[in-house]
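> Got a structure here, written out as structure tokens. Questions coming.
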Amino acid sequence: GSITVGAVAFTLSLVLRLNMLLGRVMMQLNGILRNLGVLENSKALISQPLGLIDAPEAKELIVAGGRIDVKNVTFHYGKGAGVLDGIDLVVRPGEKVGLVGPSGAGKTTLANLILRLYDLEGGKILIDGQDIAQVTQNSLRANIGVVSQDTALFHRSLRDNIKLGMPDATEAQVIAAARKAEAHEFITGLRDNRERTGYEAYVGERGVKLSGGQRQRVAIARVFLKDAPILILDEATSALDSDIEAAIQENLARLMEDK
């Protein structure tokens, strides 16, 4: 038999078209299978029981002055080795207390215990006479502003990350907080890979698109915006240069008044 040039051309074009479509189908299938694995891992994570739960009939924390009493607190991360053993500390309303010690001495651990990120192994922590184990975790953390060594940022806009301190804040309040944290200038100059700029720019997972100092200033802006009655600063300016640190320290001093 014989075949025409047109038939050959049609057959080749059809084969190439089918090959391209099959390639796309395989790519989509590969993506689906990969995402199924992620979903399976996420399901296992989400289904895990919460490590910390509110006590039955837990009450809302009411902060009048902000006195903190740490009474005979013991905590070892469940390892049996000493991290905090029988610690006693009193922080009176309006008082500023600095904890000094070598790395691993338990300074950050104590801050985390006040936030009830872990349950105590022994002793009590009271805020204005209220045992933090007997109040709701939401009300406890709503009354404490924290800037930690390891700043936690989400892959969201700068605005959203700052508003974690006060979700219903206005744009003017967000900008005012950023100015106090010396963050407004660098924020207005940001542009992400989707051409979003300023407060709309996304920062990447854990703020990977920002420098250490920039991440820390965003965290400080949150604290300014939240303006909680109790303030914990865990090496809050460790990643900043001296000029910016001096400017922020002046604003932090005003923020710490009456706390």
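Counting from 116, one number per residue, gives the positions in the sequence shown under this note's numbering.
Every residue gets a Cβ at the ideal spot worked out from N, C-alpha and C, and that includes glycine.
Note that the structure is predicted; figures quoted are calculated from it, not measured.
Helix, strand or coil: how does DSSP classify residue 211 here?
Within the sequence shown, residue 211 is the residue found at index 96, counting from 1. Residue 211: coil per DSSP, three-state reduction.
> For residue 290, which of 316, 274, 204 has the nearest alpha-carbon?
Within the sequence shown, residue 290 is the residue found at index 175, counting from 1. Closest option to residue 290, Cα to Cα, is 274.
> Taking only the alpha-carbon atoms, compute the straight-line gap between residue 345 and residue 258 and give it to the nearest angstrom.
Position 230 of the sequence shown, counting from 1, holds the residue named residue 345. Position 143 of the sequence shown, counting from 1, holds the residue named residue 258. Near 6 angstroms, if we compare the C-alpha coordinates of residue 258 and residue 345.
> Roughly how many angstroms lie between the CA atoms of residue 216 and residue 198, to the nearest whole one?
Within the sequence shown, the letter at position 101 stands for residue 216. Within the sequence shown, the letter at position 83 stands for residue 198. Spanning the two alpha carbons is a distance of roughly 12 angstroms.
> Ends of the beta strand (DSSP E) at residue 190?
In the sequence shown, residue 190 corresponds to position 75, counting from 1. Per DSSP, residue 190 belongs to the beta strand (DSSP E) from 183–190.
> Using the beta-carbon count (16 or more within 10 Å), is residue 322 buried or exposed?
On the sequence shown, residue 322 is found 207 positions in, with the first residue counted as 1. Buried, because 16 or more other Cβ atoms sit within 10 Å of the Cβ of residue 322.
> Helix, strand or coil for residue 261? Go by DSSP, reduced to three states.
For the purposes of this step, residue 261 is taken as residue 146 along the sequence shown, with counting starting at 1. Residue 261: strand per DSSP, three-state reduction.
> Excluding five sequence neighbours on each side, which residues of the same chain lie with their C-beta closer than 7 angstroms to the C-beta of residue 246?
The residue labelled residue 246 in the question sits at position 131 within the sequence shown. Taken in chain order, the residues that qualify are 239.
> With residue 201 as the anchor, note down where its beta strand (DSSP E) starts and where it stops.
The count along the sequence shown starts at 1 and reaches residue 201 at position 86. Residues 199–206.
> In its own chain, which residues sit with a C-beta less than 6 angstroms from the C-beta of residue 315, not counting the 5 before and 5 after it?
Residue 315 sits at position 200 when you count from the first residue of the sequence shown. Same-chain partners within the cutoff: 272.
> Report yes or no: do three or more beta-carbon pairs, one from the stretch 175–187 and one from the stretch 199–208, lie closer than 8 angstroms?
yes
> What's the call for residue 305, buried or exposed, on a 16-neighbour Cβ count within 10 Å?
Position 190 of the sequence shown, counted from the first residue, corresponds to residue 305. Residue 305 counts as buried, since no fewer than 16 other beta carbons sit within 10 angstroms of its beta carbon.
> Is it buried or exposed, residue 276, if we count other Cβ atoms within 10 angstroms and call 16 or more buried?
Within the sequence shown, residue 276 is the residue found at index 161, counting from 1. Looking at its Cβ environment, which holds 16 or more other Cβ atoms inside 10 Å, residue 276 is buried.
> Can you tell which of 213, 212, 190, 265 has its C-alpha closest to the C-alpha of residue 231?
Looking up residue 231 in the sequence shown gives position 116. Closest option to residue 231, Cα to Cα, is 190.
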